Amino acid sequence: MGEVVETGKDVKNLQKGDRVVIPFVIACGDCFFCRLQQYAACENTNAGKGAALNKKQIPAPAALFGYSHLYGGVPGGQAEYVRVPKGNVGPFKVPAFAFR
1 MGEVVETGKD
11 VKNLQKGDRV
21 VIPFVIACGD
31 CFFCRLQQYA
41 ACENTNAGKG
51 AALNKKQIPA
61 PAALFGYSHL
71 YGGVPGGQAE
81 YVRVPKGNVG
91 PFKVPAFAFR
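Using UniProt numbering, you'd call the opening residue of the sequence shown number 1 and step up by one each time.
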C-alpha cells in the first residue's frame with residue numbers, strides 16, 4: 001500500500017494524499033479487453049512483444065510490474081516511489097477507516 005504524492009494532468013480518479021493499492025497488471029482502460037474488465041489481456045500496455053509470441057501470432061498479454069521485456073519491461077513496483085502508468089485504471093483507493 002502507498003500514498004499518492006503527485007498525479008499527472010490526465011489522472012482524474014486520484015488526489016494527492018489518497019491511500020492506494022497498485023495491482024500487478026498495467027492496463028490502459030480503453031482497449032477491447034479493458035472495456036470487458038479483462039485487464040490482464042490489455043492490448044496497449046505491453047510494447048515488448050516477445051519473439052516466442054510473435055512466431056505463433058499470439059497477442060502479448062498486458063504489461064506487468066517487475067517482469068522482463070516479454071511483459072513490457074516495466075520496473076518493479078516495490079520501490080519507495082513508483083510511477084504508475086495509466087493511473088485512472090489500476091489503483092484501488094483504500095478507505096481511511098480501514099486503519100482504525
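Note that the Cβ used here is the ideal one computed from N, Cα and C, for glycine as well.
If you're wondering where the values come from, they're calculated on a predicted model, not measured in any experiment.
query: Which runs of the beta strand (DSSP E) fall wholly inside the UniProt domain "Alcohol dehydrogenase-like N-terminal" (1 to 91) and span at least 3 residues, in chain order?
result: 19 to 21
- request: Report the rounded CA-to-CA distance for residue 32 versus residue 42, giving the unit in angstroms.
  value: 8 angstroms
- prompt: Going by Cα to Cα distance, which pick from 89, 60 and 36 is closest to residue 10?
  reply: 89
- request: Using alpha carbons as the reference points, say which of 94, 85, 79 and 45 lies closest to residue 70.
  value: 45
task: Kindly list the residues whose CB is nearer than 8 angstroms to the CB of residue 20, restricted to its own chain and excluding five residues on each side of it in sequence; keep chain order.
output: 1, 2, 3, 4, 14, 91, 92, 93 and 94
message: Measuring only the C-alpha atoms, how far is residue 180 from residue 75?
response: Here the chain has residues from 1 to 100 only, and residue 180 is not among them.
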